[in-house]
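Colleague: Structure incoming, see below.
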Amino acid sequence: MTAHALRTVEALLPLGGVVLFLLATMAAFAGRCATVGRPRTPYIEARSAAPIWKWWMEWWVWLWGPVERACLKLGVTPNAITLASTVLTGGAAALLALGHLSVGGWLYLFAASLDLVDGRVARAQGSASKAGAFLDSTLDRVAELLVFGGLSIYFREGPGLYAALTAAGSSVMVSYARARGEALGAGAEVKVGGMQRAERVVLTGLPCALSPLFDAAFGPPGGEVVVGSALALLGLVTAVTAARRGHAIWRALRGLEPQAARPAGNVRWLENVRWLETARRRQQRLGR
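For what it's worth, the working numbering labels the leading residue of the sequence shown as 27, then goes sequentially.
This is the structure we're talking about:
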């Protein structure tokens with residue numbers, strides 16, 4: 027066996043174990059849905075997403091149920107989970123920057139899933155607060171920028187770098203539009219568009235995690251090409267989401283503004299001007 031083949035096998039063995047575990051849990055969840063029905067988590071049902079995507083999100087929430095229950099039993103605070111998620115994301119970003127795409131991708135998916143747990147723990151403990159929501163939202167932005175920064179360092183130049191920077195900028199604009207729209211009272215329009223954080227995490231982390239598979243299928247640098255292409259797609263679709271959301275919020279805020287009524291005095295003044303102009307022209311004709 028050549029050195030390249032040996033490295034490929036070493037990379038694919040842990041990947042195969044993770045994939046088999048996820049497929050097994052997916053099959054177990056599908057069986058549960060067939061017998062007792064699919065769970066209907068309110069915040070997932072409220073999302074403007076396709077039914078298959080909601081099924082995937084419900085499966086992921088169900089998969090992380092034991093971790094959530096363990097945190098509740100041990101009394102782990104939501105803020106501690108948020109901070110742990112950010113630290114792990116920083117580790118994932120460092121691994122990505124050093125070229126360990128598969129390990130970094132899996133660690134990023136794991137860390138982002140912890141971020142899902144913190145909100146559920148806060149609601150279960152009755153400790154949800156505006157301060158906690160602010161910390162969570164702020165560190166979410168930090169986490170995304172860390173990952174895109176790590177990928178930018180990895181690519182260093184060329185299309186991959188531009189794709190990572192575009193994805194970073196577009197993601198920040200989507201999040202900013204929502205935060206600013208909520209602050210100004212734009213209502214449901216702040217959620218327009220499908221490329222929200224969960225979708226961005228999957229489209230960033232999954233290609234990185236599966237990069238050894240693409241290397242094995244297409245040969246190096248197949249994984250790198252797929253990751254760069256995924257970032258380019260992410261940047262494009264997220265930019266469209268930012269534009270759609272921004273326009274929807276702008277229209278909603280315009281609708282909230284009171285229509286300025288023209289003062290009656292201005293109308294009367296304009297009528298007087300027209301009457302005087304008509305009288306002047308009549309006088310000119312009589313003078314001829």
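The beta carbon of each residue, even a glycine, is placed where N, CA and C say it ideally should be.
Does the Cβ-Cβ distance between ALA203 and GLY261 come in under 8 angstroms?
Modeller: For ALA203 and GLY261, no; Cβs fall outside 8 angstroms.
Colleague: How many Å lie between THR103 and VAL113 at the Cα?
Modeller: In a straight line, the C-alpha of THR103 is about 16 angstroms away from that of VAL113.
Colleague: Just reading off the alpha helix (DSSP H) that TRP90 is part of, what are its end residues?
Modeller: TRP90 -> no alpha helix (DSSP H), and no H or E assigned at all.
Colleague: Looking at the structure shown, is THR103 part of a helix, part of a strand, or coil, going by DSSP?
Modeller: THR103 falls in the coil class under three-state DSSP.
Colleague: Can you name, in chain order, every residue of its own chain whose Cβ lies under 6 angstroms from the Cβ of VAL227, other than the five neighbours on each side?
Modeller: ALA138.
Colleague: Could you compute how far the alpha carbon of GLY116 sits from the alpha carbon of GLY184?
Modeller: Going from the Cα of GLY116 to the Cα of GLY184 covers about 24 angstroms.
Colleague: Using the C-alpha atoms, what's the distance from PRO92 back to LEU171?
Modeller: Computed Cα separation, rounded: 29 angstroms.
Colleague: According to DSSP, is ARG206 helix, strand or coil?
Modeller: The answer is helix: DSSP assigns ARG206 an H, G or I state.
Colleague: Flag this pair as yes or no: are the beta carbons of ARG66 and TRP81 separated by less than 8 angstroms?
Modeller: The answer is no: Cβ separation not under 8 angstroms.
Colleague: Tell me where the alpha helix (DSSP H) around HIS273 begins and ends.
Modeller: Per DSSP, HIS273 belongs to the alpha helix (DSSP H) from 248 to 282.
Colleague: Just verifying my parser: in three-state terms, what is the DSSP assignment at PRO65?
Modeller: Note: PRO65 maps to coil in three-state DSSP.
Colleague: On the DSSP letters alone, give me the boundaries of the alpha helix (DSSP H) that ARG226 sits inside.
Modeller: First-last of the alpha helix (DSSP H) with ARG226: 223 to 235.
Colleague: Given that a residue counts as buried once 16 or more other Cβ atoms are within 10 Å of its Cβ, and exposed if not, what is ARG288?
Modeller: Reliability fails at ARG288, whose pLDDT of 49 lies under 50, so the model's placement of it is uncertain and no value is given.
Colleague: Quick check on DSSP: helix, strand or coil for ALA212?
Modeller: Coil at ALA212, not helix or strand.
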